[in-house]
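Taken in order, the sequence shown gives residues 0 to 212; the numbers are from numbering that gives the first Met the number 0. Here the structure is laid out as structure tokens; the discussion comes afterwards.
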Amino acid sequence: MSSSQVIIALTKGRILDEVLPLFEQTDIIPLEDIKNSRKLIFDTNRDNIQLMVMRGSDVPTYVEFGSADMGVVGKDLLMEYGSEEFYEPLDLKLARCRLMTAEPTNPGPIQGRPKVATKFVNIAKKYFAEQGKQIELIKLNGALELAPAMGLADSIVDIVDTGNTLKANGLEPKELIAQISSRVIVNKASMKIKNTAIREILGKLREAVANNQ
Ligand code: PRP
């Protein structure tokens, strides 16, 4: 592979909807309709840039191991992944939301250690340890809001945007753990080997972010 070929791993879903227009502003435009294609890797109008689309939780892995040079991923998944093995040079300030604890609006009595359901087990473990709170973590992969209603957990740690999902399930937000937004990450070796190309992309993205504020 050429020393200027840059592969960027993008998070599919809501982040992609917001990131593609930003990339377009920086003149990185996929040659196909990414959102309506079953393909996972795409050429762009720029000969030396390709885009990949995947689950957010896999973006840090691709970038850490250098299969992607750069990635766009939510801060929540970066915190959960917890690696120092890549750079995080830019906050795109997109897909903003909050990582919070949430509890039933009318909580019942708690027996023993409070049970907390989350897919962010590493973040939750660290957060409650810092708070000096003894809890029991229950790992789930989605639909966390069901857990308190079904008696599986006393509270949850989850992403809150409008708060509608919590409300619709009889929950309310409690403690703020972190403000979340989409970040650009860069593989450390790629940053050295492909420095000119990556710096150019970062510079244009930084400019576009500033223009959008
Ligand atoms: C997130 C989160 C909540 C919801 C919160 O899920 O897990 O369920 O959004 O948004 P709200 O506060 O605006 O209601 P998402 O739709 O990203 O899917 P996920 O379950 O795959 O995380």
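C-beta: ideal position from N, C-alpha, C; glycine also. A quick note: this is a predicted structure, and the numbers were derived from the prediction, not measured.
- Task: Would you mind working out which of S189, I184, L165, V159 sits nearest L175, comparing C-alpha positions?
- Result: Working through the sequence shown from its first residue, we reach residue 175 at position 176. The option with the nearest alpha carbon to L175 is V159.
- Query: If you compare alpha carbons, which of D90, L151, D75 is closest to R112?
  - Reply: Position 113 of the sequence shown, counting from 1, holds the residue named residue 112. Looking at the Cα atoms, L151 is the closest of the given residues.
- Task: For N105, count neighbouring C-beta atoms within 10 Å of its own C-beta (all shown protein chains included) and say buried if the count is 16 or more, exposed if not.
- Result: Here the question's residue 105 lines up with position 106 in the sequence shown. Note on N105: under 16 other CB atoms within 10 angstroms of its CB, so exposed under the neighbour-count rule.
- Taking the alpha-carbon positions, what's the M190 to G202 distance? Taking the first residue of the sequence shown as position 1, residue 190 is located at position 191. Taking the first residue of the sequence shown as position 1, residue 202 is located at position 203. So the two alpha carbons sit approximately 13 Å from each other.
- Should L175 be counted as a contact of the ligand PRP given a C-beta to heavy atom distance under 7 Å? Stepping through the sequence shown from its first residue, residue 175 is reached at position 176. L175 Cβ: outside cutoff for every heavy atom of the ligand PRP.
- Message: Is it the case that the segment 180-200 contacts the segment 122-132, given that we only count it when at least three CB pairs across the two stretches are under 8 Å?
- Response: With the cut-off at 8 Å, the segment 122-132 and the segment 180-200 do not touch.
- Task: Give every residue of the same chain whose Cβ lies closer than 7 Å to the Cβ of K173, excluding the five residues on either side of it in the sequence, and list them in chain order.
- Result: In the sequence shown, counting from the first residue as 1, residue 173 sits at position 174. These residues qualify, in order along the chain: M99, T100, A101, E102.
- Message: Is N163 near the ligand PRP - that is, is its Cβ less than 7 Å away from at least one heavy atom of it?
- Response: Along the sequence shown, read from residue 1 onward, the residue named residue 163 stands at position 164. It does: the Cβ of N163 is within 7 Å (strictly closer) of some heavy atom of the ligand PRP.
- Please report the Cβ distance between L50 and P29, rounded to the nearest whole angstrom; I am assuming they are in contact, meaning their Cβ atoms lie under 8 Å. Residue numbering aside, residue 50 sits at position 51 when the sequence shown is read from its first letter. Residue numbering aside, residue 29 sits at position 30 when the sequence shown is read from its first letter. Right, the Cβ-Cβ distance comes to about 6 Å (below 8 Å), so this counts as a contact.
- Of the choices A128, V115, T161, whose alpha-carbon is the least far from that of A148? Counted from its first residue, the sequence shown places residue 148 at position 149. Nearest neighbour of A148 by Cα position, chosen from A128, V115, T161, turns out to be V115.
- Message: Assuming the contact rule is C-beta atoms closer than 8 Å, V71 and P59 should be a hit. Round their C-beta distance to whole Å, please.
- Response: Here the question's residue 71 lines up with position 72 in the sequence shown. Here the question's residue 59 lines up with position 60 in the sequence shown. Wrong, their Cβ atoms sit about 11 Å apart, outside the cutoff.
- Item | Distance between L165 and A146 (C-alpha atoms, nearest Å) | To locate residue 146, count along the sequence shown from 1; it is residue 147. To locate residue 165, count along the sequence shown from 1; it is residue 166. C-alpha separation (whole angstroms): 12 Å.
- Item | Straight-line gap, V52 to L170 (C-alpha atoms, nearest Å) | Sequence index remark: in the sequence shown, residue 52 carries index 53 (1-based). Sequence index remark: in the sequence shown, residue 170 carries index 171 (1-based). In a straight line, the C-alpha of V52 is about 33 Å away from that of L170.
- Query: Does the Cβ of D153 lie closer than 7 Å to at least one heavy atom of the ligand PRP?
  - Reply: Locating residue 153 in the sequence shown gives position 154, counting from the first residue. Outside the cutoff, so no.
- Message: Threshold first: 3 residues or longer. Then list the beta strand (DSSP E) segments lying entirely within the segment 82-152, N to C.
- Response: Runs of beta strand (DSSP E) with 3 or more residues, each lying fully within the segment 82-152, are found at 85-90, 96-103, 114-117, 135-138, listed in chain order.
- Message: For G12 and I134, what's the separation of their Cα atoms in angstroms?
- Response: Against the sequence shown, residue 12 aligns to sequence position 13. Against the sequence shown, residue 134 aligns to sequence position 135. Approximately 32 Å, taken between the alpha carbons.
- Coil, strand or helix - L39 by DSSP: Counted from its first residue, the sequence shown places residue 39 at position 40. Coil.
- Item | Cβ neighbour criterion (16 or more within 10 Å) applied to G55 | The residue labelled residue 55 in the question sits at position 56 within the sequence shown. So G55 ends up on the buried side.
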